[in-house]
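One structure is given here, and the rest of the page talks about it.
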Amino acid sequence: MGNNTISSSIYSVMLLAISMAACVSTFAVPSSAKSLSSSFSFSAEAEALLKSGWWAGVALTNFSLKNHCYLKGITCNRAGSVIRMEVHFFYSHGRLSNMSWSSLPNLGYLDISDSDLIGGIPGEIGTLSKLTHLDLSYNFGLQGVLPPDLGNLTQLVHLDLSVTDIGGPIPSTIGNLSSLAYLSLYSNQLSGSIPPEIGNLKNLVEMDLSSNNFRGPIPSSIGHLSNLAHLYLHSSQLDGPIPCEIGKLQKLDKVDMSYNNLHGPIPREIGNLSGLTYLALDRNDLVGTIPNELAYLPLKYLNLSQNNLSGTCKFASKLRFVPVVLDLSYNLLDCQIPNRSPNGCPNEPKFRPSMLRLSQEFLSRRKALATPLRTVSLWNLWNRKMDFVHQSNEQVISAQV
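Structure, rendered in structure tokens:
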């Protein structure tokens, strides 16, 4: 019986020893593998930087795994992995396709703006899953199209691809960039329509799609951009009506839709934008009357010139905030300029913007003559107690105080 007890004890000790050995083995192998994996990863990063040719003008005799983080424009974390690249090609032109982007898994910030980049944007850039900032702006030789793979950059907060030669449509996958706060595709050769998926970017604060070659209307889904403060769509050949859903964007401060082919009336829903200070709708084909709701907005700049607006300017007499600049010229309006302040004093005009541009086309109810603009003092006009500017016999008036 004693022998059995001893044998059982020995077996238990042996089993415990084997279990402990297995535990040590279990923890030791992954640690070694992790170290090997890190070394391989950092070596791949160093090799990717070296083979890009972007630092061709630098003496790379001692270039190695240990010093790749000291290259100009490169920032690494404490472990030695590249997390930031701000390279402006101090030494040579480059192509984005020369870099192995999949070898830079921890890259979070990429700025290669104003760098004489040539070629296109490779789809491989979509493998940068940790990227929050991407700026490729002012690269006039950057061509091709926007790859759908950009939609994989779901952590992206800042995307600036302005002033390049990129064409083609905006891919619908842009709607996947749910973290995006800043989007600029200004001054490119983009075509097609603005995808409705743009409305998925609910964290967007500023969007600039101006100076492109779009076709079609402004999508109504724009009304979902609840955090949008600045909206720039000028000079983009957009047509169709201004969507009334724009009235849902309570945080809008600046809107520029000028130099397009927009038609239909100015939606009254714009009156819901209680924080709007800048509104440019000039050089479109807008019709109808100017909504009185505009009078209650804190506008500092209002330009509705060169449309087909008609009726009177009742909103002007109701202005709660006097714009610094007001341009209503080249429309079919009949506008009376108020010349008395609320207390009735004739020499203290209630409506006195710093710059008021009014054409005789609407003031004297006949077409404006093709003559150069003349400048007169609004203060002199008010001192003469004139209710209508056309009484001054100016053919076209640009008034400045």
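With mature numbering (1 follows the signal peptide of the UniProt record, and there is no 0) applied, the sequence shown corresponds to residues -28 to -1, 1 to 373, in that order.
Every residue gets a Cβ at the ideal spot worked out from N, C-alpha and C, and that includes glycine.
Of the listed residues the options, nearest to residue i (C-alpha basis)
i, options, result
"E241", "C216, V227 and M229", "C216"
"D180", "H196, R187 and V227", "V227"
"I194", "N185, Q222 and Y231", "Q222"
"S183", "R255, H206 and F293", "H206"
"M71", "D88, I55, G80 and P94", "P94"
"G260", "N303, S289, L274 and A201", "N303"
"S134", "Y231, N232, C48 and Y204", "Y204"
"P120", "L106, I138 and P143", "P143"
"P213", "H196, D257 and L245", "D257"
"I170", "Q161, S198 and N160", "S198"
"A153", "L274, K220 and H202", "H202"
"L103", "P239, D88, I84 and L128", "L128"
"S208", "L200, I238 and Y158", "Y158"
"P263", "S282, G247 and Y273", "S282"
"L274", "A252, S87, S165 and N232", "A252"
"R187", "D211, A28, Y81 and I238", "D211"
"L269", "N279, L245, L276 and K286", "L245"
"S109", "H130, S85 and L89", "S85"
"P189", "N172, L200, P168 and N280", "P168"
"E265", "A288, E178 and K272", "A288"
"N233", "L271, N280 and T249", "N280"
"G92", "L106, N111 and H105", "N111"
"G140", "H130, G164, L131 and N124", "G164"
"I146", "S69, L162 and G123", "G123"
"K23", "L68, Q278, I218 and C48", "L68"
"L300", "S277, H60, S230 and D132", "S277"
"P191", "N160, I166 and P77", "I166"
"E96", "N172, A16 and L76", "L76"
"S230", "D107, G243 and Y250", "Y250"
"D306", "C285, L248, P237 and K44", "C285"
"L79", "G247, D88, G25 and H105", "H105"
"Q161", "I238, I138, N172 and G236", "I138"
Range of the contiguous alpha helix (DSSP H) that encloses residue i
i, result
"K286", "K286 to S289"
N- and C-terminal bounds of the beta strand (DSSP E) containing residue i
i, result
"T47", "I46 to C48"
"D107", "H105 to D107"
"E178", "E178 to D180"
"Q222", "Unbroken run through Q222: none, as it is neither H nor E."
"S85", "First-last for S85: undefined, no H or E at that position."
"G236", "N233 to G236"
"G164", "Q161 to G164"
"A252", "Y250 to A252"
"M57", "V54 to E58"
"L68", "That residue, L68, is in no beta strand (DSSP E); it is neither H nor E in DSSP."
"L79", "Taken as a continuous stretch (DSSP letters only), L79 belongs to no beta strand (DSSP E), as it is neither H nor E."
"Y204", "H202 to Y204"
Per-residue burial, residue i [other beta carbons within 10 Å of its own, 16 or more giving buried]
i, result
"S74", "exposed"
"N148", "buried"
"Y42", "exposed"
"L176", "buried"
"G66", "buried"
"R337", "Low per-residue confidence applies at R337: pLDDT is 35, beneath 50, and the placement is therefore not dependable enough to give any value."
"P295", "buried"
"G98", "buried"
"S7", "Because S7 carries a pLDDT of 41, less than 50, the predicted location of this residue cannot be relied on, and the following value inherits that uncertainty. So S7 counts as exposed."
"R292", "exposed"
"residue 429", "Summary: the structure shown does not reach residue 429, with the chain confined to residues -28 through 373, and so no result is reported for it."
"F14", "buried"
"T136", "buried"
"A28", "exposed"
"S150", "exposed"
"N39", "exposed"
"A18", "buried"
"R50", "exposed"
"N185", "exposed"
"S101", "exposed"
Residue i Cβ short of 7 Å to the ligand SAH heavy atom set
i, result
"R50", "The ligand SAH is not among the ligands present in this structure, which contains no ligands whatsoever."
Sufficient close CB pairs (3 or more, under 8 Å) joining the stretch 114 to 133 to the stretch 44 to 58: The count of Cβ pairs closer than 8 Å, one atom from the stretch 114 to 133 and one from the stretch 44 to 58, stays below three, leaving the stretches out of contact.
Uninterrupted alpha helix (DSSP H) stretches inside the stretch 254 to 310 (no shorter than 4 residues): Taking 4 residues as the minimum length, the alpha helix (DSSP H) runs contained wholly in the stretch 254 to 310 are 286 to 289, in order along the chain.
Contained beta strand (DSSP E) runs [length at least 3] in the stretch 110 to 190, N- to C-terminal order: 130 to 132, 154 to 156, 161 to 164 and 178 to 180
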